[in-house]
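Worksheet: the structure to be examined is printed underneath.
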Amino acid sequence: MKPELEFFQTINLPLQLTARPDGLESEIILAHDTKTGNVTKISYYAPGYHQTEAYQKHDYWYNSLPREEVYILAGRIQDRTLDRWIEAGEYACRPPGMIHGPYTADPEVGVRQLLFLHYDPK
């Protein structure tokens, strides 16, 4: 279960680089359930970020929740499969089988997004 958290300034949380070797992806973990892996985070793709892998899709629900939900906070990102730019204020709820990505971040400002990720029970 994620911890109980009252309102707090996220600016105080550490920005962590992800495993990408180019250093163009970072995140701030807002809440994490260590038992399930479920996480709420702010993810940042810097200008120049470009996914090389093919599109993604997830084949399951988790306790009636989608695998992931994404809200674009700032900047924009291009979904190259859909051939369209996704802008601040847009939201996605990804049920099983929904194809998305690969992505390229805006070359000037990148993208900042709020993600809710849900995983199968272990």
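The working numbering applies: residue 90 is where the sequence shown begins, and numbers increase by one.
Think of the CB as a built atom: it goes at the ideal place given N, C-alpha and C, for glycine as much as any other residue.
Since we're looking at a predicted model, the values are computed, not measured.
Excluding the 5 residues flanking residue i on each side, which residues of the same chain have their C-beta closer than 6 Å to its C-beta?
i: I166; result: I175, Y192, A194, V200
i: Y133; result: S115, R201
Using only the alpha-carbon positions, how far apart do residue i and residue j sit?
i: M187; j: A181; result: 10 Å
i: G190; j: A135; result: 16 Å
i: P103; j: G126; result: 19 Å
i: E114; j: I131; result: 11 Å
By DSSP, does residue i sit in helix, in strand, or in coil?
i: T99; result: helix
i: I166; result: strand
i: A138; result: It is Tyr, not Ala, that sits at residue 138 in the sequence shown. Y138: coil per DSSP, three-state reduction.
i: H121; result: strand
Whose CA, out of the options, lies closest to the CA of residue i?
i: H207; options: G190, E197, P184; result: P184
Excluding five sequence neighbours on each side, which residues of the same chain lie with their C-beta closer than 8 Å to the C-beta of residue i?
i: T141; result: P191
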